[in-house]
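Protein chains: 2
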Amino acid sequence: MLKKRTTGQDVADLANVSRTTVSLVLNDVKGANIPLSTREKVRDAAKKLNYIPNATAQALATQRAQAIGLVMTRSPHHIASDNFLPQILGGLLGVVREHKFRLLIETVEEERQERAYLELAQAKHIDGMILLTPRIDDKGFQKLEEVGVPAVLMGKLPDSNLYSVDVDNCSAARQAIEQLIKMGHSKIACIANAPASYSASPERVLGYQNALAEAGIPFNKKLLRYADFSPQSGFDSMQSLLSSGEEFSAVFVASDNVAMGAKAALREAGLSIPDDISMIGFDDIPWAAYADPPLTTVRLPAQEMASEACLLLLELMKGNTPEKRNLVLDTELIVRKSCRKQ
Amino acid sequence: MLKKRTTGQDVADLANVSRTTVSLVLNDVKGANIPLSTREKVRDAAKKLNYIPNATAQALATQRAQAIGLVMTRSPHHIASDNFLPQILGGLLGVVREHKFRLLIETVEEERQERAYLELAQAKHIDGMILLTPRIDDKGFQKLEEVGVPAVLMGKLPDSNLYSVDVDNCSAARQAIEQLIKMGHSKIACIANAPASYSASPERVLGYQNALAEAGIPFNKKLLRYADFSPQSGFDSMQSLLSSGEEFSAVFVASDNVAMGAKAALREAGLSIPDDISMIGFDDIPWAAYADPPLTTVRLPAQEMASEACLLLLELMKGNTPEKRNLVLDTELIVRKSCRKQ
DNA sequence: GCGCTTTAGTAACACGTGTTACCAGTTTAG
DNA sequence: CTAAACTGGTAACACGTGTTACTAAAGCGC
């Protein structure tokens, strides 16, 4: 019942050559001079038997899995509510597929990061990894550098020498705030996208603070909240802001996904955008363009970041060591209709 | 510079035993009687050398990759705008991680489906696969059944004997329409989630038609549009409906993601929900709860579907053949504020 | 003391491929 | 005519693990 797999040996038998020859022909190995007649014999046999090489055996023999891993330090629950992930997957898959690689999704529990990364890399199921939303206090990265596993960070860590692809979160945020200030706002609240332990979060907050400082507006700690990726956390943060009694005419929400919730909280409080409160988001997820009103936001070139990270990783895996360790892509402030002059 | 991997042999040498013993100890093989003293010697050596078994070699030896594949017949571009994917990934990752499996993401180009599935399975990089958003005209599935690769469909195909996990799209849609009818609507438009070649699409349309029929409302083909997963396609579909001149007081949009665009089109036309038009969506993506007004929609238990599909697949890979081939999970109509009595 | 069972462990093979070193036969150069 | 070079191909090893069949020694009953 269970048909046996056809192996390279079967092809060799049918073509009356050795298994070596089969391998040489099918892999188009240079320097091996094998006449056309033999090549065709082998190719015909392979086609006839529907030969598909065993990727595992290839991986073992060549010492490369032809696969890269997308590694996240997030719980499955958080992943489920991340509107941002599809764009990254799309960007990765495009490049990965083009280069005949495979993509593995890996999650790492927070408790055992140190060992986890090494296991991933040394188990050799993947040749390199792309690290998503790293936490500043992640202990595993050092080990990663020591061992020399090809890895590219999406984001940036202060004390790390890993290759990375990122945007200038700080200046992107500052640009957004400058826009608000230019429109006459001075009481500007801020909801960070994630806890401060995720690197992008404090950077965006810093941009917010820098813009205020530059305009001579004192930073009011009571207007700052930290959300946790989810819309619900945005909802809660906004409610907290509203009930704090602090006045503000605009809010910078450092994640569109979080902004979804913040927006709902405003509505529930009877406040309208942009008439009562102006809002600027971050990321430009598809929703932003279709929101009511369409959300002014900082476009983060997610798909391009993912592609670039992937290309960089492929170079590293080839053994090359590109000059620029830290690629910084441009953001763009997409002005829609969620802000008005004060 | 490049430190050599530590293999099982290294552990064996350090512990002064054979490689076989190392394997027996570390895998806790039953029936092998090895005294505690030796076991500890081996474990100590392994720990000292930081031994991490080579997963590829294990896969080759055991003939199982300990990995499953999530296979999509979609272009990377479409994937990037799919708000639905994170929930599925979340559901899969939870189960996959718990069972010490890995998850591979694969996309299959439409042109060469037939061979693609086989390559995936026979290359043995994965032990089984979960098939997402299959198209009715997909030729590859038959082969898949013939070869007997463990596979679970998310969705349902009429002529297929594959195991599947799905919801009753037809009755879920009917339930939604019945709600609208109950509220007094009789001119009800419908925007399908995807082209009719994706199985869920015609099923939902059928539910729509059935509900109409049951209430004695004639089906008006001019009130039906087919979108294409994306918000933009929803926007276009709604504009097409509005400019058709046909009257309608409610619309059933068979995908929240598409509804996002449809909603924007209504707004642009100066129509408000629910005052001018009532709307019911499908899927209950996170956005639905935070929309303005919160969207009444059919909750599709995406995460649970993914988990169940994964569990089913794991059973199949163990060699078991569960009784129920087609698992149907319950949907629930989540009533929010996007509908009003006519 | 003799056969039998248990204990502790290993040698050897399997998994399916990539790759190097080599060989036999033929052509070419001098 | 002989040595060198090329042609066409293969045997043999490597990759790192799981697993079966087997051995050698020790314990045990009688």
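Chains A and B, in that order, are what the protein sequence lines are.
By the working numbering, the letter at position 113 of the first sequence is numbered 113, and the numbering carries on one by one without gaps.
By the working numbering, the letter at position 145 of the second sequence is numbered 145, and the numbering carries on one by one without gaps.
Glycine included, each C-beta is placed from N, C-alpha and C at the ideal position.
Exposed unless 16 or more other CB atoms sit within 10 angstroms - verdict on residue i
i: residue 203/B; result: buried
i: residue 2/B; result: Note that residue 2/B has pLDDT 47, beneath the 50 cutoff, so the model's placement of it is unreliable and the number below is only indicative. Its Cβ having fewer than 16 others within 10 Å, residue 2/B is exposed.
i: residue 124/A; result: buried
i: residue 325/A; result: exposed
i: residue 236/A; result: buried
i: residue 295/A; result: buried
i: residue 30/B; result: exposed
i: residue 193/B; result: buried
i: residue 234/B; result: buried
i: residue 74/A; result: buried
i: residue 9/B; result: exposed
i: residue 169/A; result: buried
i: residue 331/A; result: buried
i: residue 107/A; result: buried
i: residue 231/B; result: buried
i: residue 253/B; result: buried
i: residue 5/B; result: exposed
i: residue 307/A; result: buried
i: residue 185/B; result: buried
i: residue 219/A; result: exposed
i: residue 148/A; result: exposed
Residue i: contacting residues in chain B (beta-carbon distance under 9 Å)
i: residue 60/A; result: 54, 56, 57, 59 and 60
Neighbour list for residue i in chain A, Cβ cutoff strictly below 8 Å
i: residue 104/B; result: 67, 102, 103, 104 and 105
i: residue 263/B; result: 290 and 292
i: residue 19/B; result: Here the premise fails: no neighbours, minimum Cβ distance about 16 Å.
i: residue 97/B; result: 76 and 107
CA nearest to the CA of residue i, picked from the options
i: residue 297/B; options: 279/B, 307/B and 310/B; result: 279/B
i: residue 343/B; options: 132/B, 268/B, 19/B and 217/B; result: No information on residue 343/B is available, as it lies outside the stretch 1 to 342 that chain B covers here.
i: residue 273/B; options: 227/B, 33/B and 293/B; result: 293/B
i: residue 227/A; options: 258/A, 89/A and 239/A; result: 258/A
i: residue 101/A; options: 85/A, 129/A, 79/A and 87/A; result: 129/A
i: residue 283/B; options: 33/B, 44/B, 82/B and 77/B; result: 82/B
i: residue 70/A; options: 134/A, 54/A and 183/A; result: 134/A
i: residue 26/A; options: 42/A, 250/A and 329/A; result: 42/A
i: residue 246/A; options: 223/A, 17/A, 232/A and 91/A; result: 223/A
i: residue 68/B; options: 23/B, 318/B, 244/B and 290/B; result: 318/B
i: residue 161/B; options: 167/B, 153/B and 168/B; result: 153/B
i: residue 119/B; options: 136/B, 132/B and 140/B; result: 140/B
i: residue 182/A; options: 211/A, 166/A, 197/A and 307/A; result: 211/A
i: residue 79/B; options: 88/A, 213/A, 79/A and 80/A; result: 88/A
i: residue 217/B; options: 229/B, 248/B, 195/B and 200/B; result: 248/B
i: residue 126/B; options: 64/B, 191/B, 157/B and 85/B; result: 64/B
i: residue 271/B; options: 137/B, 176/B and 239/B; result: 239/B
i: residue 115/A; options: 98/A, 92/A, 214/A and 142/A; result: 142/A
i: residue 122/A; options: 95/B, 57/B and 38/B; result: 57/B
i: residue 285/B; options: 32/B, 77/B, 85/B and 44/B; result: 85/B
Contact set between residue i and chain B, taken where Cβ atoms lie within less than 7 Å
i: residue 260/A; result: 287 and 290
i: residue 241/A; result: Correct list: empty, because the minimum Cβ distance to chain B is about 17 Å.
i: residue 87/A; result: 80
Under 8 Å from the C-beta of residue i: neighbouring residues of chain B
i: residue 93/A; result: 76, 79, 105 and 107
i: residue 39/A; result: Going along chain B, no residue has its Cβ under 8 Å from residue 39/A, so there is no contact; the nearest lies around 21 Å.
i: residue 267/A; result: 292
Where residue i meets chain A, residues with beta-carbon distance less than 9 Å
i: residue 231/B; result: 286, 287, 289 and 290
Chain-ordered neighbours of residue i on chain A, where CB pairs are closer than 7 Å
i: residue 90/B; result: 76, 77, 79 and 80
- request: Identify every run of the beta strand (DSSP E) within the region 39-79 of chain A, keeping only runs that are complete inside it and at least 3 residues long; order them along the chain.
  value: 67-72
query: What residue ranges within the region 252-334 of chain A form continuous beta strand (DSSP E) runs of no fewer than 3 residues, ordered along the chain?
result: Whole beta strand (DSSP E) segments, 3+ residues: 278-283, 296-299, 326-329 and 332-334.
- prompt: Going along the chain, which residues of the region 140-169 of chain B sit with their C-beta nearer than 9 Å to a C-beta in chain A?
  reply: Cβ contacts with chain A: 147 and 148.
Near-chain A residues of the region 67-82 of chain B - C-beta to any C-beta below 7 Å: 76, 77, 79, 80, 81 and 82
query: If contact means a Cβ-Cβ distance below 7 Å, which residues of the region 291-318 of chain B contact chain A?
result: 292 and 303
Members of the region 320-334 of chain A that neighbour chain B once the beta carbon cut-off is set at 8 Å: So nothing in the stretch comes that close.
Members of the region 109-133 of chain B near chain A, C-beta cut-off 8 Å: Cβ contacts with chain A come from 118, 119, 122, 123, 124 and 125.
field: Segments assigned alpha helix (DSSP H), at least 4 residues, entirely inside the region 106-142 of chain B
entry: 113-122
Residues within the region 204-223 of chain B neighbouring chain A, beta-carbon criterion of under 8 Å: Those would be none; no residue qualifies.
message: Any C-beta of chain A within less than 8 Å: which residues of the region 5-37 of chain B qualify?
response: 5
message: Extract the residue ranges of the beta strand (DSSP E) inside the region 172-228 of chain A, only unbroken runs of 3 or more that lie entirely within it.
response: Listed in chain order, the beta strand (DSSP E) runs fully inside the region 172-228 of chain A are 188-192 and 224-226, counting runs of at least 3 residues.
message: To test your reading of the DSSP string, which unbroken beta strand (DSSP E) runs of 3 or more residues are found completely within the region 141-166 of chain A?
response: If we require 3 residues or more, the beta strand (DSSP E) runs fully inside the region 141-166 of chain A come out as 151-154.
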